[in-house]
Amino acid sequence: MMETKRRYVIPGDVITSGPFRPEQNVYQEGDRIISTSVGISEIFDNAVRVIPLTGIYMPKTNDLIIGKVIGHSSLSWEFDINSCFVGFLPAQDVFGRDYSPTKDELKERLDKGDLVAARVANFDRSRDPLLTVQDRDLGKIESGELIEISPSKVPRLIGKRGSMIQTIEMATKAMITIGQNGWIVVSSEDPDGLLKAIEAIRMVDAQAHMPNLTERVKSMLGVELGDNNDTINE
Amino acid sequence: MTQLMNENGIRCDGRRVDQLRNISIKVGVLKNADGSAYIEFGKNKILAGVFGPRDVHPKHMANQDSGILRCRYHMSPFSVTERKNPAPSRREIEISKVIKEALLPAVILKDFPRTVVDVFIEVLQADGGTRCAALDAASIALADAGIPMRDLVSACAAGKVADQIVLDINNEEDQEGQADMPIAYMPNLGKITLMQLDGILSPSEYQKCVQTGINGCKLVYEMQRKALMDKYFTNETQ
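As they're listed, the protein sequences go chains A and B. Quick note: the first sequence uses the numbering used here, first residue -13, plus one each step. Quick note: the second sequence uses the numbering used here, first residue 47, plus one each step.
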């Protein structure tokens, strides 16, 4: 495996020059590759990208997100998905093929303010994102605490192969649903575990750019260190 | 008329000809804005807030192919010695427009169709060169909001005072000097995004003035860079 080179960059910083492939949050100007965001640059496998530390959520097909109902027409619901676009959930998706606007009342299934775990079914630049709840574990969220973090820090909260989130779930016995849009629902039988989990998530949000974050979170949660082998590359 | 420069080449506020005023920049000072910055540029005090990308209102302004940028430069009633009417004046509308046009080459809004990025600039205290200081704050606030940018925009004025080309004109020099040239510059790309000139310069003076201004922008860029780095990477243990 090639070594990953990391650096802190701001917009306009030249990350490298030469035959590299520009990926997220960079652009090519001549043979220079330049950052477009504040973040951490990575050169890996001849590809250059910047992991941003700020910015809004851009929907991607297949992302699991958490949305809040802001209204509905006779055919679909509209969702606030913490982005510059509004998410659409067609009524057929919930009621099935034989949905009829005269017979079924959308309000009875999902009302304003309800939280829903959904997947982005389709999104391109010409249309607003289309959502779906046709999958396991998707649909209305009945209980839990909503936490907002910066969407750019969601990958850090999940960790390498889910290491971070497993650590937090195991230590606090809480159920955590992470939306790629930075909205997170935590539910737990045990109020102390709930508070601990929320504290841990907030800590990840605040210290996302620090190395050895999993270790820090572990010591905060009081888990003994060193039994984790998922932090090789951190 | 006040003496703008003494025989040793020291200006009315004690600076050398190629010296900037003291600059301090803070990033992320407003909680409710998506990005924000506060700059003190000599006696100028300017606050900038950025919202977006977000839904466009009124809807007819939206562009299906790309996001749009809107900019509002405003001076508080208490920013100058005589109370300023808070309604937007001719001058403020013009400065809003030139600031927008100076930021436009830097931001990349292609990925945000049907949305708008709003930049609000509030001048709390004015002392000459507010459009440059406002641009400096606005570009940092845009970066803080996470709007993709080709480069930061750094701005600084140069001009002609007492027959000499000087950097960073202050209020007195602006009122009584011979020329004032605000320049905005993208330091890594080496491109100018704003240049205005009020006054008369000979071709050689013009060349020298542009060069002086660009050098000033590069100095400002270092401050902007430091401010952003301080906000995002200070509690660093490495």
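Ideal placement from N, C-alpha and C gives every residue a C-beta, glycine not left out. Quantities reported herein were computed from a predicted structural model and do not represent experimental measurements.
### Query
What are the boundary residues of the beta strand (DSSP E) that ASP164/B is part of?
161 to 171
#### Entry: Sequence-distant residues of its chain with Cβ nearer than 6 Å to ARG(-7)/A (five each side left out)
Once the five neighbours on either side are set aside, the close Cβ partners of ARG(-7)/A are SER27.
### Message
Which residues in chain B have a C-beta closer than 9 Å to the C-beta of TYR(-6)/A? List them in chain order.
### Response
The CB of TYR(-6)/A comes closer than 9 Å to the CB of MET275, TYR278, PHE279 and GLU282 in chain B, given here in chain order.
### Query
So with Cβ pairs under 8 Å, would you call ALA161/B a contact of chain A?
Reading off the sequence, residue 161/B comes out as Thr, not Ala. Taking Cβ atoms only, chain A reaches closer than 8 Å to THR161/B, which makes this a yes.
#### Entry: Proximal residues to PRO137/A (C-beta, below 6 Å), its chain only, five neighbours per side dropped
TYR43, ASN167 and GLY168
### Per-residue contacts from ARG129/B into chain A (C-beta, under 7 Å)
Within 7 Å Cβ-Cβ: nothing; ARG129/B doesn't reach chain A, min ~37 Å.
### Message
Assuming contact is defined by CB atoms lying nearer than 8 Å, are GLY74/B and LYS277/B in contact in what I supplied?
### Response
yes
### Query
Along chain A, which residues have their Cβ under 9 Å away from the Cβ of ALA191/B?
At a beta-carbon threshold of 9 Å, the residues of chain A lying near ALA191/B are THR40, GLY41 and ILE42, ordered along the chain.
### Query
Tell me which same chain residues have a C-beta within less than 7 Å of the C-beta of SER62/A, skipping the five on either side of it?
Close CB contacts of SER62/A within its chain, under the 7 Å cut and outside five residues either way in sequence, are with PHE74, LEU75, PRO76 and ALA77 (chain order).
### Query
Assuming ILE167/B contacts HIS120/B under a Cβ cut-off of 8 Å, what Cβ separation, rounded to an integer in Å, is found between them?
With 8 Å as the limit, ILE167/B and HIS120/B qualify as a contact, their Cβ atoms being about 7 Å apart.
### Query
Which residues, taken in chain order from the stretch 176 to 200 of chain B, show a beta carbon closer than 8 Å to some beta carbon of chain A?
ALA189, ASP190, ALA191, GLY192, ILE193, PRO194, MET195, ARG196, ASP197 and LEU198
### Message
I'd like to know if ASP64/B contacts chain A, where contact means its C-beta is closer than 8 Å to some C-beta of that chain.
### Response
no
### Task
Compute the distance between the beta-carbons of ILE51/A and VAL140/A, then report whether it is under 8 Å.
For the 8 Å CB-CB criterion, ILE51/A and VAL140/A do not form a contact.
### Straight-line gap, VAL63/B to GLU134/A (C-alpha atoms, nearest Å)
50 Å
### Query
Per DSSP, what kind of secondary structure is CYS117/B in: helix, strand or coil?
strand
### Task
Output, in chain order, the set of chain A residues within a Cβ distance shorter than 7 Å of PHE158/B.
CYS70
### When VAL80/A, PHE6/A, GLU64/A and VAL(-5)/A are compared against GLY99/A, the one with the closest alpha-carbon
Measuring C-alpha to C-alpha distances from GLY99/A to each of VAL80/A, PHE6/A, GLU64/A and VAL(-5)/A identifies GLU64/A as the nearest.
### Message
I'd like the list of long-range same chain contacts for ALA191/B, defined as Cβ closer than 6 Å, with 5 residues on each side in sequence excluded.
### Response
The residues are ASP80, GLY81 and VAL96.
### Task
Compare the C-beta of THR163/A against all C-beta atoms of chain B and say whether one is closer than 8 Å.
no
### Cβ separation of LEU274/B and VAL24/A, assumed to be a contact under 8 Å, to the nearest whole Å
About 6 Å; that satisfies the 8 Å criterion.
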